[in-house]
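With mature numbering (1 follows the signal peptide of the UniProt record, and there is no 0) applied, the sequence shown corresponds to residues -10 to -1, 1 to 495, in that order. Just so it is clear, CB atoms sit at the ideal spot from N, CA and C, and this is done for glycine as well. The structure appears below as structure tokens.
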Amino acid sequence: IVVLLSTCSTHHPLAKATIFPRSSSSSNIQLSLKPLILDGNLSFENIHEAAKDFGNIYHFLPSAILYPETVSDISTIIKNINEMGTTSGLTVAARGNGHSVQGQAQAYRGIVIDMKSLRGPEMQFYTGELPYVDVSGGELWSWTDFLRLTVGGTLSNAGISGQAFRHGPQINNVYQLEVVTGTGEVVTCSEKQKTDLFYGVLGGLGQFGIITRARISLEPAPIMVKKLNNLFLGDKPPPKSSPPPPPPVTVKWIRVLYSDFSIFTKDQEHLISSQNAFDYIEGFVIINRTDLVNSWRSTFNPKDPVQASQFISDGKTLFCLEMAKYFNPQEIDFMNQKVDSLLSELSYIEFTLFLSEVSYVEFLDRLHVSMLKLQEMGLWDHPHPWLSLIIPRSRIHEFAQEVEQQDFYDHPRGRCSIPSGVPILCNAMFHRDRWLRIHPQPKQKNSGFLQMANLGVKKYLPHYLTQEEWKIHFGYKWEVFLRRKSTYDPLAILAPGQTIFKKGK
Ligand code: FAD
């Protein structure tokens, strides 16, 4: 399951770094925490790393970073902070891969737990009727579109992508969790065991516990022969002396273009409603240019090169539907027929069919190449004031009209109605809902956009500065959220960067 990622980096007028200095009381904190006996390491040095995230907008300096080796290290720290009561003001943030965009994994003057250093038992696979894998909470996904997000960080949100229409978000694919709660208790929970905590933690924005282990459902992948994250995915490991053979092509990856939003959404809905259609379906808005972030066809070949070369729409806003079909190499003929038949049901602009064939691992890690390019150009570390929204299906056309009229921001390349060089992702998810992600944030002063709240739009990866706004966000579920907080993290120690609760209040 999971993830369309936007690899873009951009300048944004709102994106000014906020740096909060180290506290003068940090020496007291050192004194109270140093005597703890830990398997891992509590470091008061090089803490600036934990005051950064992908968003590069907020920078909250912690007092220390815990590099846990064991679950017990996490529990010990949290229990110790509980014993100090509310007077210490100390909080704890689990940090997955720091891919939050608004400081959610940071803890001002608190302790950041580097989840990637947690040593779980060796990754175990279980086959059978319902195959699954047990993984540490700090493990990177080998399942998401962008493979550099952690299991714990993503499960604390949802995990939504081009495969969610079929499998649901990632949180729908978890059988069991091991969690350290805000009181330091280590609890195993599932659909049948400690249910309230299980459902609280999944999508719980890190508020009720730290995920140290997750049991995640598996399904067979197309044939692979590549090593990924120390995980060998083929039938037999290649002999050590010879280099492994290149992985076979097992994914048909397709892009088609639309100029009409209604036709685009109709086709997208048609595809997601068929269980036998594609394995992955995403949409995005593009401006037909050939620069790096708009290079939507750089690795794709037009089905009809002559006609495609006559398709001129430079600078025009288009909607791109992206699909992938997985197959095993022996099924190639059948798969070609199947894909042709599916494509014949769509109403994209004639001659804008672009194809690519890659291995499964290349497809999963497709955004890595763009990431490297952007890093090389120094664009990856720019501020990312992203906005991800979930929009009710009934309101998408209204929403799209509003968006079209927006004056987003001044981009270095000029003033744009749709941000240049910045993808707008547009995923049909479930039959009832559609979600659209817009990067970057539109200008706050633009009140028209803020009226979007009236369209029943919800933020994904939300960020608010006041509890009043959080209450509105959660709606009738706020009371449950509040009750769970007082049960599992009564002192409000966990995930302060979400700015939902303040310790001691
Ligand atoms: P962090 O940013 O480190 O943490 C996120 C939150 O979870 C924090 O509050 C943190 O305290 C908490 N947390 C971290 N680990 C744990 C844990 N083990 N237990 C409990 N709480 C924890 N999301 C999607 O759904 N679909 C996408 O397609 C997608 N693509 C992305 C592409 C990029 C390039 C980026 C930067 C982000 C993308 N995201 C996507 C968002 C991503 O899911 C979130 O940023 C998420 O927070 C995962 O990042 P992380 O593992 O680095 O977590």
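Using a Cβ-based criterion (distance less than 7 angstroms to any ligand heavy atom), does residue i qualify as near the ligand FAD?
i           : result
ALA95       : yes
LEU488      : Correcting the residue identity first, residue 488 is Gln in this sequence and not Leu. Yes - the ligand FAD has a heavy atom lying nearer than 7 angstroms to the Cβ of GLN488.
ALA41       : no
PHE155      : no
GLY174      : no
residue 496 : The question about residue 496 has no answer, for the chain in this structure spans -10 to 495.
ASP135      : yes
residue 501 : This structure does not reach residue 501, given that the chain is present from -10 up to 495, and the question cannot be answered.
LEU445      : no
ILE150      : yes
PHE471      : no
THR81       : no
MET113      : no
SER90       : yes
ALA485      : yes
SER65       : no
ASN147      : yes
GLY30       : no
THR144      : yes
PHE251      : no
MET105      : yes
LEU451      : yes
LEU455      : no
GLY193      : no
Between the Cα of residue i and the Cα atoms of the options, which residue gives the shortest distance?
i           : options                        : result
LEU28       : ARG356, HIS358, ILE55, GLU35   : ILE55
ARG473      : GLY88, THR77, ILE380, PHE198   : PHE198
THR66       : HIS89, ILE101, GLY88           : ILE101
SER22       : ASN70, ASP63, GLU181, GLU35    : ASN70
GLN488      : GLN114, ILE103, GLY196, THR77  : GLY196
MET74       : ILE64, ILE19, HIS49, ASP104    : ILE19
LEU80       : TYR57, PRO52, SER107, GLY86    : PRO52
GLN160      : GLY193, ASP330, PRO58, GLN365  : GLY193
PRO486      : ALA84, GLY127, GLU39, ILE47    : ALA84
TYR57       : SER360, SER107, ASN266         : SER107
GLN166      : VAL239, PHE136, ALA204         : ALA204
LYS448      : ILE381, ILE206, ARG109         : ILE381
ILE68       : ILE200, LYS184, SER476         : ILE200
ILE37       : LEU261, TYR98, LYS184          : TYR98
PHE251      : THR202, PHE290, THR307         : THR307
residue 496 : GLY110, GLU39, GLY158, TYR189  : Here the chain covers residues -10 to 495 and nothing more, so residue 496 does not appear.
GLU59       : VAL82, MET105, PHE491          : MET105
PHE344      : ASP330, PRO375, LEU26          : ASP330
PHE290      : GLU347, ILE262, ILE103, ASN326 : GLU347
PRO375      : SER90, TRP243, ILE213, GLU392  : SER90
To which residues does DSSP link residue i through a beta bridge?
i      : result
MET242 : According to the sequence shown, residue 242 is Lys rather than Met. Its beta-bridge partners are LYS315, GLU347.
PHE341 : Its beta-bridge partners do not exist; DSSP assigns none.
ASN31  : TYR57
PRO292 : PHE344
ARG205 : ASP124, GLN166
SER151 : According to DSSP, SER151 bridges with nothing at all.
GLY273 : LEU311
VAL177 : VAL169
Report yes if the C-beta of residue i is less than 7 angstroms from at least one heavy atom of the ligand MN; otherwise report no.
i     : result
ARG85 : As presented, the structure is devoid of the ligand MN, carrying the ligand FAD as its sole ligands.
For residue i, which three-state DSSP category applies?
i      : result
GLU321 : helix
ASN36  : coil
VAL169 : strand
VAL123 : strand
LYS493 : coil
ALA84  : strand
ASP479 : coil
HIS421 : The predicted position of HIS421 is uncertain, since its pLDDT is 43 and thus under 50; a value taken from the coordinates is nonetheless stated next. Residue state, collapsed to three classes: coil.
ASP135 : coil
LEU4   : In this prediction, LEU4 scores a pLDDT of 36, lower than 50, which makes its location untrustworthy; the coordinate-derived value is nonetheless stated afterwards. The answer is coil: DSSP assigns LEU4 none of H, G, I, E or B.
PRO373 : coil
GLN265 : coil
LEU26  : coil
TYR189 : helix
ASP330 : helix
TYR116 : strand
ASP63  : helix
GLN431 : With a pLDDT of 48 at GLN431, under the threshold of 50, the modelled position of this residue cannot be trusted; read the value that follows with caution. Note: GLN431 maps to coil in three-state DSSP.
VAL102 : strand
Can you find a CB in chain C that lies within less than 8 angstroms of the CB of residue i?
i     : result
ILE47 : Of the protein chains in the structure, only one exists, and it is not chain C.
Would you be able to state if there are at least three C-beta pairs under 8 angstroms between the segment 92 to 105 and the segment 42 to 55? Contact between the segment 42 to 55 and the segment 92 to 105 is present, because at least three Cβ pairs lie under 8 angstroms.
Count the C-beta pairs between the segment 269 to 277 and the segment 306 to 326 that are closer than 8 angstroms, then say yes if the count reaches three, no if not. In short, these stretches touch, since the Cβ pair count reaches three.
Report yes or no: do three or more beta-carbon pairs, one from the segment 253 to 273 and one from the segment 145 to 158, lie closer than 8 angstroms? Yes, since at least three Cβ pairs between the segment 253 to 273 and the segment 145 to 158 fall closer than 8 angstroms, the two stretches touch.
Using a Cβ distance threshold of 8 angstroms, determine whether the segment 454 to 468 contacts the segment 153 to 171, with at least three qualifying pairs required. Between the segment 454 to 468 and the segment 153 to 171, the count of Cβ pairs shorter than 8 angstroms is below three; the stretches do not touch.
Cβ contact check for the segment 323 to 341 and the segment 113 to 123: 3 or more pairs under 8 angstroms: The segment 323 to 341 is not in contact with the segment 113 to 123.
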